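Okay, structure first, notes after.
Chains as they are written, first to last, in the UniProt record's numbering: chain A, 1 to 271; chain B, 1 to 232.
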């Protein structure tokens with residue numbers, strides 16, 4: 001009897017906060033794989049938020065980002081959030097996250113042939129070629145090769161990215177790479193834009209599911225100041241402009257973490 | 001001072017862009033130096049008597065707008081236009097809703113603003129093939145100067161200068177733009193996707209997506225039935 005091959009989808013990222021674009025990307029990836037001439041049945045879509053110990057920029061606390069993803073996916077029968085990355089307490093390479101989820105999904109679904117595809121935006125694929133200021137590669141060659149050839153990618157085109165060209169230039173097999181576009185809902189929304197709006201007190205309703213908006217407002221995430229007076233001066237300092245406030249539910253203490261573009265240490269002591 | 005916002009259109013189907021438009025219009029009016037308190041956002045779907053191929057039946061578009069606004073405390077759908085059984089000029093819809101709202105809120109200084117896209121303002125200058133103007137001058141004047149408009153900015157359109165070139169005051173014209181959600185979603189794109197069997201989830205509220213699926217709206221035209229679509 002012919003059996004359809006099965007797959008899970010993995011989406012990694014900050015989800016700081018999650019937006020409709022994240023959900024849409026998963027939806028389109030699933031649709032694409034299920035419409036192939038030799039289709040996959042997509043049994044799960046997993047959102048794996050990065051651990052906040054990878055602090056390149058201020059991230060809302062892990063528990064908040066997980067809660068927001070829970071709100072975002074609660075109406076879906078197949079998408080969910082998984083906190084494995086955040087429980088490790090350290091940076092986990094994408095290839096390791098894929099390996100972990102492939103392995104646990106194969107057990108969960110009793111299917112040793114189950115595939116695990118990375119779902120991502122064109123900008124992530126383009127970053128495969130990025131060099132850091134010291135000249136070293138952002139991505140290890142063997143990781144990119146594994147992701148592209150072993151696991152597989154479904155990449156969604158975004159403004160300013162050219163993932164097809166990037167993939168073609170890598171020298172790896174692209175048999176497991178699928179590049180898609182959102183024709184119905186061409187959307188430039190991003191977490192960055194949402195954070196900017198929230199910092200300025202502007203509404204983000206209908207940019208992300210209601211449950212996420214309500215959670216953000218309830219916990220006062222991403223608004224740079226709650227009281228108008230800061231540092232006794234009454235104006236936002238340069239540090240405040242780059243800060244994200246997150247409220248810890250247990251202590252109600254407001255923690256400020258500064259972005260540390262030049263290697264500054266965050267207020268909470270995390271490098 | 002209180003205001004209601006009126007949005008006219010086909011909503012065939014409603015999208016997140018429609019909801020966003022209302023949301024940022026409200027925000028803008030409430031953030032003015034002399035702010036308005038926006039008490040209601042009314043979606044008024046056009047009657048299908050204004051025949052436009054592929055327009056889902058009035059009851060469906062009303063139901064979809066109900067789903068779309070169900071979670072909102074201030075937005076709602078109003079079926080007045082669809083009950084009239086004929087085309088109603090925008091100015092009449094504004095007049096109706098202004099007077100209804102003033103009664104409902106017991107406030108005869110309450111305003112009623114029309115929210116629209118930049119293309120609607122541009123269309124104020126449009127001349128039909130027979131040489132007639134698309135809009136009656138007195139209607140435009142009433143809409144712009146008496147009621148007021150909140151215009152969602154589009155690439156290449158400049159509503160204030162269009163109004164000035166028509167000799168109209170733009171003191172009740174507010175231009176807004178959605179820098180947070182730059183989105184080119186449209187009802188047209190959604191209908192095309194549905195027609196081709198593609199998913200529209202996360203392009204509009206879940207309730208709208210489910211409703212469309214349940215009622216089989218916007219599926220490809222079956223040539224055998226000579227252009228009659230489900231739900232029309």
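The beta carbon of each residue, even a glycine, is placed where N, CA and C say it ideally should be. Only a predicted model underlies this, so the values are computations on that prediction, with no experimental measurement involved.
Determine, for residue 123 of chain A, whether the minimum Cβ-Cβ distance to residues of chain B falls below 8 Å. The residue given as residue 123 of chain A occupies position 123 in the first chain. Residue 123 of chain A does not count as touching chain B.
DSSP state of residue 232 of chain A mapped onto helix, strand, coil: On the first chain, residue 232 of chain A is found 232 positions in, with the first residue counted as 1. Below a pLDDT of 50, predicted positions are generally treated as unreliable, and residue 232 of chain A, at 34, falls in that range; the measurement from the model is reported next regardless. Coil, per DSSP.
Hey, out of B:124, B:62, B:107, B:118, whose CA is closest to residue 91 of chain B's CA? One-based indexing of the second chain puts residue 91 of chain B at position 91. Ranking B:124, B:62, B:107, B:118 by Cα distance to residue 91 of chain B puts B:124 first.
Expressed to the nearest angstrom, what Euclidean distance is found between the alpha-carbon atoms of residue 26 of chain A and residue 43 of chain B? Here residue 26 of chain A refers to the residue found at position 26 of the first chain. Here residue 43 of chain B refers to the residue found at position 43 of the second chain. One C-alpha to the other measures close to 31 Å.
What's the gap between the Cα of residue 127 of chain B and the Cα of residue 135 of chain B? Position 127 of the second chain holds residue 127 of chain B. Position 135 of the second chain holds residue 135 of chain B. Whole-angstrom Cα-Cα distance: 8 Å.
In whole angstroms, give me the CA-to-CA distance for residue 154 of chain A and residue 28 of chain B. Working through the first chain from its first residue, we reach residue 154 of chain A at position 154. Working through the second chain from its first residue, we reach residue 28 of chain B at position 28. Cα to Cα, the separation comes out at about 39 Å.
Suppose contacts are defined by Cβ-Cβ distances below 8 Å. Is residue 118 of chain A in contact with residue 132 of chain A by that definition? As a position in the first chain, residue 118 of chain A is number 118, starting the count at 1. As a position in the first chain, residue 132 of chain A is number 132, starting the count at 1. Against a cut-off of 8 Å, the Cβ pair of residue 132 of chain A and residue 118 of chain A comes out as no contact.
When the Cα atoms are used, what is the spatial distance from residue 97 of chain B to residue 2 of chain B? The sequence position of residue 97 of chain B within the second chain is 97, counting from 1. The sequence position of residue 2 of chain B within the second chain is 2, counting from 1. Straight-line Cα distance between these residues: approximately 14 Å.
May I have a chain-ordered list of the beta strand (DSSP E) segments no shorter than 3 residues that lie completely inside the stretch 6–82 of chain A? 40–49, 79–81
Other residues of its chain near residue 184 of chain B: CB distance less than 7 Å, five sequence neighbours each side excluded: The sequence position of residue 184 of chain B within the second chain is 184, counting from 1. Excluding residues within five positions, none has a Cβ falling inside 7 Å.
Measure from the alpha carbon of residue 205 of chain B to the alpha carbon of each residue in B:85, B:66, B:32, B:58, then state which is nearest. Position 205 of the second chain, counted from the first residue, corresponds to residue 205 of chain B. Here the closest residue by C-alpha is B:66.
At which residues does the alpha helix (DSSP H) containing residue 82 of chain B begin and terminate? Indexing the second chain from 1 puts residue 82 of chain B at position 82. Per DSSP, residue 82 of chain B belongs to the alpha helix (DSSP H) from 80–83.
Residue range of the beta strand (DSSP E) that residue 2 of chain B falls in? The residue you call residue 2 of chain B lines up with position 2 of the second chain. Looking at the DSSP string, the run of the beta strand (DSSP E) that includes residue 2 of chain B is 2–9.
By alpha-carbon positions, which one of A:87, A:159, A:201 ends up nearest to residue 185 of chain A? Residue numbering aside, residue 185 of chain A sits at position 185 when the first chain is read from its first letter. Of the listed residues, the one whose Cα sits closest to residue 185 of chain A is A:159.
According to DSSP, residue 43 of chain B sits in a beta bridge with which residue or residues? By one-based count along the second chain, residue 43 of chain B stands at place 43. According to DSSP, which records beta bridges pairwise, residue 43 of chain B is partnered with B:7, B:77.
Between residue 225 of chain A and chain B, is any beta-carbon pair separated by less than 8 Å? Position 225 of the first chain holds residue 225 of chain A. With a pLDDT of only 49 at residue 225 of chain A, under the threshold of 50, the placement of this residue in the model should not be trusted; the figure read from the coordinates follows. Not an interface residue.
Find out if the Cβ-Cβ distance for the pair residue 159 of chain B, residue 118 of chain B is shorter than 8 Å. The residue you call residue 159 of chain B lines up with position 159 of the second chain. The residue you call residue 118 of chain B lines up with position 118 of the second chain. Yes. Within cutoff.
Flag residue 185 of chain A as yes when its Cβ comes closer than 7 Å to any non-hydrogen atom of the ligand ZN, and as no otherwise. Looking for the ligand ZN in the displayed structure turns up nothing, as the structure carries no ligands at all.
Identified DSSP bridge partners for residue 187 of chain A: As a position in the first chain, residue 187 of chain A is number 187, starting the count at 1. DSSP, once it has assigned bridges, lists B:183 as partnering residue 187 of chain A.
Taking only beta carbons into account, state which residues of the stretch 192–213 of chain B come closer than 8 Å to chain A, listed in chain order. 192, 193, 198, 199, 200, 201, 202, 203, 206
Residue 34 of chain B: buried (16+ other C-beta within 10 angstroms of its C-beta) or exposed? Counting from one through the second chain, the residue named residue 34 of chain B turns up at place 34. It is exposed - the Cβ of residue 34 of chain B has fewer than 16 other Cβ atoms within 10 Å.
With 16 as the cutoff for other CB atoms within 10 Å, does residue 192 of chain A come out buried or exposed? Here residue 192 of chain A corresponds to residue number 192 of the first chain, with the count starting at 1. Residue 192 of chain A should be labelled exposed.
Any C-beta of chain A within less than 9 Å: which residues of the stretch 35–55 of chain B qualify? none
What first and last residue would you give for the beta strand (DSSP E) that runs through residue 155 of chain A? For this step, residue 155 of chain A is matched to residue 155 along the first chain. Where residue 155 of chain A is concerned, the enclosing beta strand (DSSP E) stretches over 153–156.
Can you list, in chain order, the residues of its chain whose CB lies under 6 Å from that of residue 120 of chain A, leaving out five sequence neighbours each side? By 1-based counting over the first chain, the position of residue 120 of chain A is 120. Closer than 6 Å at Cβ, skipping near neighbours: 155.
Leaving aside the five residues before and after residue 82 of chain A along the sequence, list all residues of the same chain whose C-beta is less than 6 Å from its C-beta, in chain order. The residue you call residue 82 of chain A lines up with position 82 of the first chain. Closer than 6 Å at Cβ, skipping near neighbours: 46, 48.
Just confirm the distance between the C-beta atoms of residue 62 of chain A and residue 122 of chain A, as a whole number of angstroms; I'd bet it's less than 8 Å. To locate residue 62 of chain A, count along the first chain from 1; it is residue 62. To locate residue 122 of chain A, count along the first chain from 1; it is residue 122. Contact doesn't hold; Cβ gap of about 27 Å is too wide.
For residue 116 of chain A, which of helix, strand or coil comes out of DSSP? Numbered from 1 along the first chain, position 116 holds the residue referred to as residue 116 of chain A. The answer is strand: DSSP assigns residue 116 of chain A an E or B state.
Let me check understanding here. Comparing Cα to Cα, which of B:74, B:173, B:19 lies closest to residue 141 of chain B? On the second chain, residue 141 of chain B is found 141 positions in, with the first residue counted as 1. Among B:74, B:173, B:19, the Cα nearest to that of residue 141 of chain B belongs to B:173.
Taking the beta carbon of residue 183 of chain A as the centre, do at least 16 other beta carbons fall within 10 Å, making it buried, or is it exposed? Taking the first chain and counting its residues from 1, the one referred to as residue 183 of chain A is at position 183. It counts as exposed.
Give me the chain B residues within the contact set of residue 39 of chain A, using Cβ-Cβ distance strictly less than 7 Å, ordered along the chain. Along the first chain, read from residue 1 onward, the residue named residue 39 of chain A stands at position 39. Those do not exist, as residue 39 of chain A stays about 14 Å from chain B at its closest Cβ, beyond 7 Å.
So is residue 280 of chain B in contact with chain A if we call contact Cβ pairs under 8 Å? Absent from the model: residue 280 of chain B. The displayed extent of chain B is 1 to 232, so no value can be given.
Relative to the C-alpha of residue 164 of chain B, which candidate in B:154, B:176, B:144 has its C-alpha closest? Position 164 of the second chain, counted from the first residue, corresponds to residue 164 of chain B. Closest by alpha carbon: B:144.
Could you tell me whether the stretch 97–114 of chain B touches the stretch 144–155 of chain B, where touching means 3 or more Cβ pairs closer than 8 Å? yes
Got a sec? Which residues, its chain only, sit under 8 Å from residue 277 of chain A by beta carbon, not counting five neighbours each side? What is shown of chain A runs 1 to 271, which leaves residue 277 of chain A out entirely.
Interface partners of residue 16 of chain A on chain B, CB under 7 Å: Position 16 of the first chain holds residue 16 of chain A. Under the 7 Å cutoff, chain B gives no residues; its nearest Cβ is about 15 Å from residue 16 of chain A.
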